[in-house]
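Asks: There's a structure below that I have some questions on.
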């Protein structure tokens, strides 16, 4: 049996069941959300078996006729499987965390419905082998996340979500326009088939125009500078588990993954220097600006949001290098960032849960009363700033080595500088929040409940283990196949259509 | 070719509205114009001059309109409906909180 449709059916079905079952027992939303994401995580890990051969599922059994696809297909190759693991694992952690955290809000059932819809959309984007279907799933997850950002229905949440919606809607219009142009040129929407047609016509000006539209759309979704304006508002305004999901997963799937898939596998720009250097420059600008803007922030979650922009910049920068090591480093940094950024946002949620403030200046000395949050934040901060032996160090080191190998010495130096800036603002965060004198009004607070500290501990352990032990094993298991997919470029056609 | 260019011009008008206008409702209208421009573009792509509806009759060989973009447009319109409804409901909620539609006065978040 082919498991690929289950990645969309399970979350959609669970989201559908919650409103019917919630009247029977009030714990149903927690249970359904956690069980659905747990089963998805298990399924995603099962896909690592035979990861190098792409699995294809034809929706409705419409198989290709004479090598020409006639129906919608779902494709799981190395990169898709890696993204599925990230999405569903982080979703599981977030779901466990939400059991306690979302008690502050009134309607948990609606929260889990939207959350599961978002997961369905994200899984769909990653699995879709068809440009228009990718757009539809992208919109499903985007609409769910617009609503989740404003879940608190406060003035600030509404304002942030409106901004997010306007920019997200613009991005979607750009993407749909690009898809329409691609259809006009090639007469097909299946990614592998589009790639086949483009390889015969070459990158003419119409194709390049659609590539630019795609780049604008996906950069808006990935919040690259100068398209970043919505992110520092939207991510902090969302409830903490959703911030973790947005920063850890959504910008990567809707932005970075979609960009990789369309640019490298469909257009085959891995050999096309001007677009690669465009990615390099945009990545570099995001890296520097995100880092510099993060330093001055007083709001805890806003600082993390700017840091996300900076780290996404690293990933795009590494992709723009166009070398095999660069792709590997990009994929590795993507996993690491998903792990430690969601850890840090969950930590910020733990702090807000107990202290009720996001202002760093009002905190201080929290290490005495919240040891688990303090230690996990320290692991996350050290990992993201690239301190050995944590996972973040190895991925940043690889990015810098790849830049040096590609003879971009100055830009490698800039990457090191930004890494130091990252260290500066994360040490500022740790010092202001956890060290120093404890504010008297916080003297009586306790550590967060077990359902909230469990995901923190798991993610922190992951940050340590990935750096020291698992690197060679993990490399062969999931990172290398994903990097190979990017490197092989338009050979995607052969893996999907065969022949 | 001219009809494609007009669709792009319509798209640019929508984009102008989103970027320049200060009223929430006008921004939403700008977004809708962008969506409609793309939908129009998609429908034009499928058009063949003198084309018949895409219903195949045995023994008859004639030009058909491409039905795929029409199916895509239907999906895109439904998605557009969802996003617009969400945007408008948010605009109403924002008006309840701030008593204005002017984006310059809706500034609790600092950039």
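Chains as they are written, first to last, in the numbering used here: chain C, 1 to 499; chain H, 1001 to 1111. We put the CB at the ideal spot given by N, CA and C, even for glycine. Predicted model only: the values in this text are computed from it and were never measured.
1) Would you say residue 159/C lies against chain H (beta-carbon separation less than 8 Å)?
2) DSSP on residue 1095/H, reduced to helix/strand/coil?
3) Note down the Cα distance separating residue 1087/H from residue 1034/H, rounded to an integer number of angstroms.
4) Excluding the five sequence neighbours on either side, which residues of its own chain have a C-beta within less than 8 Å of the C-beta of residue 368/C, listed in chain order?
5) Name the chain C residues whose beta carbon is nearer than 7 Å to that of residue 1018/H?
6) List the DSSP bridge partners of residue 190/C.
7) Got a sec: which bits of the segment 1066-1088 of chain H sit with their beta carbon under 8 Å from any beta carbon on chain C, in order along the chain?
8) Using a Cβ cut-off of 7 Å, which residues of the segment 115-136 of chain C contact any Cβ in chain H, in chain order?
9) Using a C-beta to C-beta distance shorter than 7 Å, which residues of chain H count as neighbours of residue 176/C?
10) Unbroken beta strand (DSSP E) runs of length 3 or more, entirely within the segment 354-386 of chain C: which are they?
11) Can you name the residues that DSSP bridges to residue 56/C?
12) Mapping the DSSP letters down to three states, classify residue 514/C as helix, strand or coil.
13) Give the interface partners of residue 143/C over in chain H, defined as CB-CB distance under 7 Å, in chain order.
14) Nearest chain C C-beta to residue 1042/H closer than 8 Å, yes or no?
15) How should residue 1111/H be labelled, buried or exposed, when 16 other C-beta atoms within 10 angstroms of its C-beta is the threshold for buried?
16) Hey, quick one: how far does the alpha helix (DSSP H) through residue 204/C stretch, first residue to last?
17) What are the boundary residues of the alpha helix (DSSP H) that includes residue 242/C?
18) Could you list which residues in chain H have their beta carbon closer than 7 Å to that of residue 218/C, in chain order?
19) Helix, strand or coil, according to DSSP, for residue 3/C in the structure here?
20) Using the Cα positions of residue 1095/H and residue 32/C, report the straight-line distance between them to the nearest angstrom.
21) Could you tell me if residue 484/C is buried or exposed, where buried requires 16 or more neighbouring beta carbons within 10 angstroms of its beta carbon?
22) Anyone know if the C-beta pair for residue 116/C and residue 229/C falls short of 8 Å?
23) Does the Cβ of residue 486/C have 16 or more other Cβ atoms within 10 Å, making it buried, or fewer, making it exposed?
24) Could you name the residues of chain C that residue 1108/H contacts, counting a contact when the two beta carbons are closer than 7 Å?
25) Please name the residue, chosen from 132/C, 68/C and 182/C, that lies closest to residue 1045/H on a Cα-to-Cα basis.
26) Flag this pair as touching only if the segment 245-256 of chain C and the segment 179-195 of chain C have three or more C-beta atom pairs under 8 Å; answer yes or no.
27) Which chain C residues sit within Cβ distance under 7 Å of residue 1010/H?
28) Going along chain C in order, which residues have a C-beta closer than 8 Å to the C-beta of residue 1048/H?
29) Would you check if there are 3 or more beta carbon pairs closer than 8 Å linking the segment 152-171 of chain C to the segment 209-225 of chain C?
30) Check whether the segment 320-336 of chain C and the segment 398-407 of chain C are in contact - that is, three or more C-beta pairs closer than 8 Å.
31) Where DSSP assigns a beta bridge to residue 68/C, which residues make up the other side?
32) What residues in its chain sit with their C-beta under 7 Å from that of residue 1013/H, if we drop five residues either side in the sequence?
33) What does the alpha-carbon distance come out to for the pair residue 283/C and residue 385/C?
34) Can you list the alpha helix (DSSP H) stretches of 4 or more residues lying completely in the segment 437-491 of chain C, in chain order?
35) Give the interface partners of residue 184/C over in chain H, defined as CB-CB distance under 7 Å, in chain order.
36) According to DSSP, is residue 985/H part of a helix, a strand, or is it coil?
Replies: In this structure, then:
1) Taking the first residue of the first chain as position 1, residue 159/C is located at position 159. Yes, its Cβ sits closer than 8 Å to a Cβ of chain H.
2) If you number the second chain from 1, residue 1095/H lands on position 95. Reduced to three states, the DSSP call for residue 1095/H is helix.
3) Within the second chain, numbered from 1, the residue matching residue 1087/H stands at position 87. Within the second chain, numbered from 1, the residue matching residue 1034/H stands at position 34. Looking at the two C-alpha atoms, the distance is approximately 15 Å.
4) On the first chain, position 368 is the one that residue 368/C refers to. Within the same chain, residue 368/C has close Cβ partners 438.
5) Along the second chain, one-based indexing puts residue 1018/H at 18. The contacting residues are 166 and 170.
6) Position 190 of the first chain, counting from 1, holds the residue named residue 190/C. Beta-bridge pairing links residue 190/C to 130/C.
7) 1068, 1069, 1072, 1075, 1076, 1079, 1082, 1083, 1086 and 1087
8) 132 and 136
9) Numbered from 1 along the first chain, position 176 holds the residue referred to as residue 176/C. Per Cβ cutoff of 7 Å: 1038 and 1076.
10) none
11) Reading the first chain from its first residue, position 56 is the one you call residue 56/C. Its beta-bridge partners are 75/C.
12) With chain C running from 1 to 499 in the structure shown, residue 514/C is simply not present.
13) By 1-based counting over the first chain, the position of residue 143/C is 143. Per Cβ cutoff of 7 Å: 1082, 1083 and 1086.
14) As a first step, residue 1042/H is located in the second chain; it is residue number 42 there, counting from the start. By this cut-off, residue 1042/H is an interface position.
15) Your numbering for residue 1111/H matches position 111 in the second chain. For residue 1111/H, the predicted structure reports a pLDDT of 48, less than 50, and the residue's modelled location is therefore unreliable. The matter cannot be settled from this model.
16) Taking the first chain and counting its residues from 1, one reaches residue 204/C at position 204. Element bounds for residue 204/C: n/a, residue is neither H nor E.
17) Looking up residue 242/C in the first chain gives position 242. 240-245 is the extent of the alpha helix (DSSP H) around residue 242/C.
18) Here residue 218/C refers to the residue found at position 218 when the first chain is read from its first residue. Per Cβ cutoff of 7 Å: no residues; residue 218/C is ~16 Å from chain H at best.
19) Within the first chain, numbered from 1, the residue matching residue 3/C stands at position 3. Three-state DSSP puts residue 3/C in coil, outside helix and strand.
20) For the purposes of this step, residue 1095/H is taken as the residue at position 95 of the second chain. For the purposes of this step, residue 32/C is taken as the residue at position 32 of the first chain. Residue 1095/H and residue 32/C: Cα-Cα distance of roughly 36 Å.
21) Stepping through the first chain from its first residue, residue 484/C is reached at position 484. Buried.
22) Taking the first residue of the first chain as 1, we reach residue 116/C at position 116. Taking the first residue of the first chain as 1, we reach residue 229/C at position 229. Going by C-beta atoms, residue 116/C is not nearer than 8 Å to residue 229/C.
23) In the first chain, counting from the first residue as 1, residue 486/C sits at position 486. Buried, since its Cβ has 16 or more Cβ neighbours within 10 Å.
24) Counting from one through the second chain, the residue named residue 1108/H turns up at place 108. Result: 155, 156 and 159.
25) One-based indexing of the second chain puts residue 1045/H at position 45. Ranking the options by Cα distance to residue 1045/H, first place goes to 182/C.
26) no
27) In the second chain, counting from the first residue as 1, residue 1010/H sits at position 10. Those do not exist, as residue 1010/H stays about 11 Å from chain C at its closest Cβ, beyond 7 Å.
28) Taking the second chain and counting its residues from 1, one reaches residue 1048/H at position 48. Here the premise fails: no neighbours, minimum Cβ distance about 13 Å.
29) yes
30) yes
31) Here residue 68/C corresponds to residue number 68 of the first chain, with the count starting at 1. DSSP output for residue 68/C lists 65/C as bridge partner(s).
32) Start at 1 with the first residue of the second chain, and residue 1013/H comes out as number 13. Around residue 1013/H: 1033.
33) Locating residue 283/C in the first chain gives position 283, counting from the first residue. Locating residue 385/C in the first chain gives position 385, counting from the first residue. Their backbone Cα atoms lie some 18 Å apart in a straight line.
34) 450-468, 471-474 and 480-488
35) As a first step, residue 184/C is located in the first chain; it is residue number 184 there, counting from the start. What residue 184/C touches in chain H: 1045.
36) Here chain H comprises residues numbered 1001 to 1111, so residue 985/H is not present and cannot be evaluated.
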